[in-house]
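Below is one structure, written out as structure tokens; the observations come after it.
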Amino acid sequence: GNSVTQMEGPVTLSEEAFLTINCTYTATGYPSLFWYVQYPGEGLQLLLKATKADDKGSNKGFEATYRKETTSFHLEKGSVQVSDSAVYFCALSDLNTDKLIFGTGTRLQVFP
Amino acid sequence: DTGVSQDPRHKITKRGQNVTFRCDPISEHNRLYWYRQTLGQGPEFLTYFQNEAQLEKSRLLSDRFSAERPKGSFSTLEIQRTEQGDSAMYLCASSSRLAGRSYEQYFGPGTRLTVT
Chain A
11 GNSVTQMEGP VTLSEEAFLT INCTYTATGY PSLFWYVQYP GEGLQLLLKA
61 TKADDKGSNK GFEATYRKET TSFHLEKGSV QVSDSAVYFC ALSDLNTDKL
111 IFGTGTRLQV FP
Chain B
372 DTGVSQDPRH KITKRGQNVT FRCDPISEHN RLYWYRQTLG QGPEFLTYFQ
422 NEAQLEKSRL LSDRFSAERP KGSFSTLEIQ RTEQGDSAMY LCASSSRLAG
472 RSYEQYFGPG TRLTVT
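Listed in order, the protein sequences are those of chains A and B.
Okay, so the first sequence: first residue is 11 according to our numbering, each after it adds one.
Okay, so the second sequence: first residue is 372 according to our numbering, each after it adds one.
Printed below as a string of structure tokens:
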């Protein structure tokens, strides 16, 4: 069945450091891929998405590229800020129902 | 539009009681999803509706759980005879699927259930 695996956290970085959060997936066909973010005390927000191979999703300085050959969708940001501290979830959508299958989440902590 | 709303935001109940949660989706969205999120985990799919039809239920949804979307607008999720293992955040999301094209899901703030 479909599944998503993402790196365990917490990821602890200093402000302005480079961020990578790894995500790999197993799926039948070519699902859409997503990164959602959950800030403390808030609901899930869509951060970025990619709908086909080699697409790059980007938003707020974050980027992720849909890599079919490595079944990966790693999240990157060149220079993190304290305000980026949150839990990040990688997800894929089922081709027929669009239901989302999430990874377990990676907590990012950015210190000044 | 104010986005997806859920009510209540928090619910504390005693084991064995019934609880009901409500979700109001974004008004033009025809799909509505329920997920459950436990501490330290990602959300897990429970069920979804297209308009008023419930099209899929997860095996996580035991017979104590029932969901409805009577007029294709708001939805309710009821848990009967609650157990401590039901303690979780219950998330609702809505989206559109039109002419075979899907659009992203927007999530509500969730209802946090604590069963004592």
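Each residue gets a CB set at the ideal place from its N, CA and C atoms; glycine is no exception.
Asked	Found
State the Cα-Cα distance for the pair V21 (chain A) and P441 (chain B), rounded to the nearest angstrom.	44 angstroms
Under the rule that 16 or more other beta-carbon atoms within 10 Å means buried, what is I450 (chain B), buried or exposed?	buried
Leaving out five residues on either side along the sequence, give the residues of the same chain with a beta carbon under 8 angstroms from the beta carbon of I397 (chain B).	D372, G374, V375, S465 and Y477
Do you know how far the Cα of E26 (chain A) is from the Cα of L410 (chain B)?	29 angstroms
List the residues of chain A that E427 (chain B) touches, going by C-beta distances under 8 angstroms, in chain order.	T107 and K109
Would you call L110 (chain A) buried or exposed, if buried means 16 or more other Cβ atoms sit within 10 Å of its Cβ?	buried
Contact criterion: CB-CB distance below 8 angstroms. Does Q398 (chain B) meet it with respect to chain A?	It should be noted that the sequence gives Ser, not Gln, for residue 398 (chain B). So no, S398 (chain B) is outside the interface.
Should G481 (chain B) go down as buried or exposed, given a rule of 16 or more other Cβ atoms within 10 Å for buried?	buried
For R468 (chain B), which residues of its own chain have a beta-carbon under 6 angstroms away from its beta-carbon, when the five flanking residues on both sides are left out?	R402
Bridge partners for L64 (chain A) per DSSP, in chain order?	The sequence given here has Asp at residue 64 (chain A), not Leu. None; D64 (chain A) has no bridge partner.
Counting pairs of beta carbons, one from the stretch 379-396 of chain B and one from the stretch 40-60 of chain A, are three or more of them closer than 8 angstroms?	no
Which residue wins for smallest C-alpha separation from S446 (chain B), given the options B:S458, B:Y474, B:S433 and B:Y406?	B:Y406
Under 8 angstroms, Cβ to Cβ, is there at least one residue of chain A near F416 (chain B)?	yes
Given a cut-off of 8 angstroms on the beta-carbon distance, is the pair A60 (chain A) and A74 (chain A) in contact?	yes
Quick one, are the C-beta atoms of T107 (chain A) and Y419 (chain B) less than 8 angstroms apart?	yes
What does the alpha-carbon distance come out to for the pair T38 (chain A) and F83 (chain A)?	16 angstroms
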